[in-house]
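Q: Numbering of the sequence shown is given in our numbering, commencing with residue -5 and proceeding in unit increments.
My questions will all concern the structure given below.
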Amino acid sequence: MKDAAPQTVHLSDYAPPAFLVEEVHLTFRLAPRATRVLSRICFRPNPDAAGGAFFLHGEELTLIRAAIDGAEVTPELTAAGLTCTVPDGPFTWEAEVEIAPEANTALEGLYMSRGMYCTQCEAEGFRKITYYPDRPDVMAPFTVRIEGEAPVMLSNGNPVGVGEGWAEWHDPWPKPAYLFALVAGDLVAERGSFVTRSGRTVDLAVWVRPGDEGKCAWAMEALGTSMRWDEERYGREYDLDVFNIVAVDDFNMGAMENKGLNIFNSAAVLASPETATDANFERIESIIAHEYFHNWTGNRITCRDWFQLCLKEGLTVFRDQEFTADLRSAAVKRIEDVRMLRARQFPEDQGPLAHPVRPESYQEINNFYTATVYEKGAEVIGMLKRLVGDDGYAKALDLYFDRHDGQACTIEDWLKVFEDATGRDLSQFKLWYEQAGTPRLSVEESFEGGTYTLTFTQHTPPTPGQEEKKPLVLPIALGLLSPNGDEVVPTRVLEMTEARQSFTFEGLASKPVPSILRGFSAPVVLERAADRDERAFLMAHDTDPFNKWEAGRALARESLIATVRTGAAPDAAWLEGVAAILRDESFEPAFRAQMLALPTQSELAQSLADRGETPDPDAIWGAVEGLKEALALHLADLAPALYDAMRVTGPYIPDAEQSGKRTLANAMLGLITRRDGGERAARQYAEADNMTLTLAALACLLRAGKGSPELAAFHERWQDDRLVMDKWFGLQIMEATPEAAVETARRLTGHPAFDMKNPNRFRAVLGALAGHHAGFHRADGAGYALLADWLIRLDPVNPQTAARMMTAFQTWRRYDAGRQAHARAALERIAATPGLSRDGAEMVGRMLA
Ligand code: ARG
Ligand code: ZN
């Protein structure tokens, strides 16, 4: 049942729980339509709370019976839970409830995925399993008994016993209910083990459906690497006898860090060279690390309330980014992360869904698992580390783990450890957690008598509910180059704290060229009216790999914008700059490939909007096509040579070196295809023995308007592999022309293998449409209408995934009046849907406000 009037929850209303939990005993009698959950929970009044009624969350539960200290009670049931009169002092609560996992299509709480029982409790799913104080500041050890027919039955912690039709687990580490997990089904394991640095042996297992056992080796390897890395880099050791990972086909997110029992979307675990791309392998490695790292940053130290989500997510993303940077290439990883930040977080921060890294209110917390909380949250930690230095950061983290182990904490606690460990005052820095919006940073320069002065101005535009913005602390990493290309001032971090602030450099022989915001040292939009020559110069000479890339990116962006505005020809300086870097073998292939990555079409639309212009998606599409054509022509000789040079021989390894070569080769294939009509791509498709080469070849063919036989052959070969078929669905839309994207998506929603209930499949089709800029933003509104149709259908089935995909509309106000009218109509149609979920209502409400 849905609440009639959605309630807004405010950070300022936080009050400690009235009761604490000493321990929890759960018994599950599993049955698809009628699972019984028996709970025995020891409560005691919270001495730190100002009293308060006994309230347990509970949703969609059928209460069979309840007792306090052994005596039956009749609690008062509400839509959100129950209340009951309880004794003074400690008492034992017992309840039996019935739930229907098979009917649970929302994939929150206990549900079934192709015959397997599994759970997803973060953030508030445990209340759909039994009555409980379902809030992260209530932590307790859990003992869980599972009864059923499944051959494998898992829960958190260590195994206590297992017999015919039952298994028992005990998790000694007090945890909030959102970290509870249960899995039961016909599963097989890839097993491993890990000896911790203090010499304890941990049994590792990756559990999958029979048939998938050949696709777990990579995840297992990544797990071991992650465990070792967290010991070496953060001094964090694992704390149970077992660590289990389970792959589930139907899952709303990437994965979940349940204590000792991580549950993963199978797309984030399963990989073999034949079925997964290099990018998939890298993503799996980082998600395995991410979830593992949560054991300390999330589980041992958790969040006091959901407003503090970034406390665990921002930090854990930051840690997984460091991990990948250590394992692979730090420069390439930084570029990837910034591309992702700009593609996903910047639009959020600059539109109607903007919210602080630590939000102050929400209606549905599931709507706040956002790029802002995660990725901007990680950027904030990166800035903190830049400001206090590596040693300061290490000291602060040690103090954090020492001081707060076993606690549910806040951002205030987090900042305090940095203040105490480094002696710094972080009160202004804290604004990064409180103030939404992407700051704009502009620069003026002057040079006189050997003194060079840079004057920065920062300004953060208003966001919903926050009209006035204060100046933030900006770490600006900067280097200066002399006109001959030598670095005269190596990287140093300027600390900007005022709205307008100057920095001077003395004793320079000539006016230097500044390399500003090296490594993307702060998540801002740099508005520098740098000229083309300066960018070309930095592209050629900057010693900072990120800024070298950034200079090329900016040149490409300005070239594209000029084409959109005036039909100008592609910038020869960019074409030549790219060619020079491609030819330079001192740069690793993955870095060279990054130089070819153009700004996304949505970013170009935002750049135009920022300059007060109305972006035309078709013109942007045309400009990008034109630039790629020009590049293909400019590199007509180099592309085939580089393609050949990047050929990988020997067995497939998804490491940085091999995957970098394949990335560059595939980028060259894209250019070659523009000139040979697909001959080389067809050959690559025919000869490929791994998915990275197969998929890239197929993409090239589809983009060239060919590939029908290959598409059919691909379908034939992979129709029984869900994850590979997701690629088949998505690629056809991603590579469609703007005219064809909507029709292709519509046709694919009618394919027998299209299944709205599977989030991966839904995203493969509708998510690909939403990501096709010119296709989705088609002038006649057909893209908006098709997506709205499906979101309206999905909302009652799976509100979380539907609400998440509604973000496709967040940029709607950038476009022309005609498109705006179509987008508004689509959003209003969603808003008017009878029984629309709280998730969906909040999202469309914010976007229409
Ligand atoms: N904590 C998980 C992770 O980032 C994500 C859980 C998301 N849950 C949700 N209801 N949105 O690793
Ligand atoms: Zn996480």
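Even glycine gets a Cβ: it sits at the ideal position worked out from N, Cα and C.
Sorry if obvious, but does the Cβ on Met799 come closer than 7 Å to a heavy atom of the ligand ARG?
A: It does not: the Cβ of Met799 is nowhere closer than 7 Å to a heavy atom of the ligand ARG.
Q: Beta-carbon separation of Ala661 and Ala574 under 8 Å?
A: No; because the gap between Cβ atoms is not below 8 Å, this pair is not in contact.
Q: Is Trp290 helix, strand or coil when you go by DSSP?
A: Coil at Trp290, not helix or strand.
Q: Confirm, please, whether the CB-CB distance from Phe22 to Phe48 is below 8 Å.
A: Taking 8 Å as the Cβ cut-off, Phe48 and Phe22 do not qualify as a contacting pair.
Q: Any idea if Phe441 is buried or exposed, counting beta-carbon neighbours within 10 angstroms, 16 or more meaning buried?
A: Phe441 comes out exposed.
Q: Go ahead and pull the three-state DSSP assignment for Ser436.
A: Strand at Ser436.
Q: Could you tell me whether any non-hydrogen atom of the ligand ZN is closer than 7 Å to the CB of Glu307?
A: The answer is yes for Glu307.
Q: From the DSSP output, read off the bridge partner residues of Trp543.
A: Trp543 pairs with nothing; no bridge assigned.
Q: For Glu369, verify whether its CB is less than 7 Å away from any heavy atom of the ligand ZN.
A: No, the Cβ of Glu369 stays beyond 7 Å of every heavy atom of the ligand ZN.
Q: Which residue spans inside the region 317 to 377 form an unbroken alpha helix (DSSP H) run of at least 4?
A: Entirely contained in the region 317 to 377, the alpha helix (DSSP H) runs reaching 4 residues are, in chain order, 324 to 334 and 340 to 343.
Q: Do you know whose CA, among Ala43, Ala563 and Leu725, lies nearest Leu625's CA?
A: Out of Ala43, Ala563 and Leu725, Ala563 has the C-alpha closest to the C-alpha of Leu625.
Q: Tell me whether Thr310 counts as near the ligand ZN, meaning its Cβ is closer than 7 Å to at least one heavy atom of that ligand.
A: Yes, the Cβ of Thr310 comes within 7 Å of a heavy atom of the ligand ZN.
Q: Please say whether Val91 and Thr124 have beta carbons closer to each other than 8 Å?
A: A contact, by the Cβ cut-off of 8 Å.
Q: Which residue wins for smallest C-alpha separation from Gln357, given the options Ala802, Gln794, Leu821 and Ala826?
A: Cα-wise, what sits closest to Gln357 is Gln794.
Q: Across which residues does DSSP place Ile62 in a beta bridge pair?
A: Looking at the DSSP assignment, Ile62 forms a beta bridge with Ala65 and Trp87.
Q: Tell me whether Ala843 is buried or exposed, calling it buried when 16 or more other Cβ atoms sit within 10 Å of its Cβ.
A: The residue is exposed, with fewer than 16 neighbouring Cβ atoms inside 10 Å.
Q: Starting from Asp407, follow the alpha helix (DSSP H) in both directions and report where the run begins and ends.
A: Residues Ile405 to Thr416.
Q: Is the region 332 to 341 in contact with the region 357 to 376, if contact means three or more CB pairs nearer than 8 Å?
A: The region 332 to 341, when compared against the region 357 to 376, does touch it at the 8 Å Cβ threshold.
Q: How about Glu251: is its Cβ closer than 7 Å to a heavy atom in the ligand ZN?
A: Correct: Glu251 has its Cβ closer than 7 Å to the ligand ZN.
Q: Run through DSSP, which three-state label would Lys169 get?
A: Here Lys169 sits in strand by DSSP.
Q: Using a Cβ-based criterion (distance less than 7 Å to any ligand heavy atom), does Phe284 qualify as near the ligand ZN?
A: The question names Phe, but residue 284 in the sequence shown is His. Checking every heavy atom of the ligand ZN against the Cβ of His284, one is found closer than 7 Å.
Q: Which stretch, first to last residue, makes up the alpha helix (DSSP H) that contains Gln114?
A: Not the alpha helix (DSSP H): Gln114 falls in the beta strand (DSSP E), residues Met110 to Gln114.
Q: In terms of residue numbering, what span does the beta strand (DSSP E) encompassing Gln726 cover?
A: Taken as a continuous stretch (DSSP letters only), Gln726 belongs to no beta strand (DSSP E), being part of the alpha helix (DSSP H) at Arg716 to Met728.
Q: Check the DSSP bridge columns for Arg34 and list the partner residues they point to.
A: Note: Arg34 sits in a beta bridge opposite His19 and Glu88.
Q: Within 10 Å of its beta-carbon, does Glu141 have 16 or more other beta-carbons around it, so buried, or fewer, so exposed?
A: It is buried - the Cβ of Glu141 has at least 16 other Cβ atoms within 10 Å.
Q: Whose C-beta lies closer than 7 Å to the C-beta of Pro469 among residues of the same chain, with five residues either side of it excluded?
A: Once the five neighbours on either side are set aside, the close Cβ partners of Pro469 are Met377, Arg380, Leu381, Val487, Glu489, Ser515 and Ala516.
Q: Suppose contacts are defined by Cβ-Cβ distances below 8 Å. Is Gln678 in contact with Leu687 by that definition?
A: A contact, by the Cβ cut-off of 8 Å.
Q: Quick one: Cα of Ala797 to Cα of Arg807, how far?
A: Their backbone Cα atoms lie some 19 Å apart in a straight line.
Q: List the whole-angstrom C-beta distance separating Asn152 from Asp235, where the pair is believed to meet the contact cut-off of C-beta under 8 Å.
A: Yes, they are in contact, since the Cβ atoms of Asn152 and Asp235 sit about 5 Å apart, within 8 Å.
Q: Shorter than 7 Å, the distance from the beta carbon of Glu247 to the closest heavy atom of the ligand ARG, or not?
A: It should be noted that the sequence gives Met, not Glu, for residue 247. Indeed, a heavy atom of the ligand ARG lies less than 7 Å from the Cβ.
Q: Within 7 Å: the Cβ of Ala796 and any heavy atom of the ligand ARG?
A: Because no heavy atom of the ligand ARG lies under 7 Å away, the Cβ of Ala796 does not count as near it: no.
Q: Determine the extent of the beta strand (DSSP E) in which Trp201 is found, giving its start and end residues.
A: Where Trp201 is concerned, the enclosing beta strand (DSSP E) stretches over Thr195 to Val202.
Q: State yes or no: is the C-beta of Asn150 within less than 8 Å of the C-beta of Leu309?
A: It is not a contact, given that the beta carbons lie outside the stated cut-off.
Q: Alpha helix (DSSP H) containing Tyr105: first to last residue?
A: That residue, Tyr105, is in no alpha helix (DSSP H); its beta strand (DSSP E) goes Gly103 to Ser107.
Q: Please confirm if the region 99 to 108 is in contact with the region 4 to 13, defined as three or more CB-CB distances below 8 Å between the two stretches.
A: Short answer: they don't touch.
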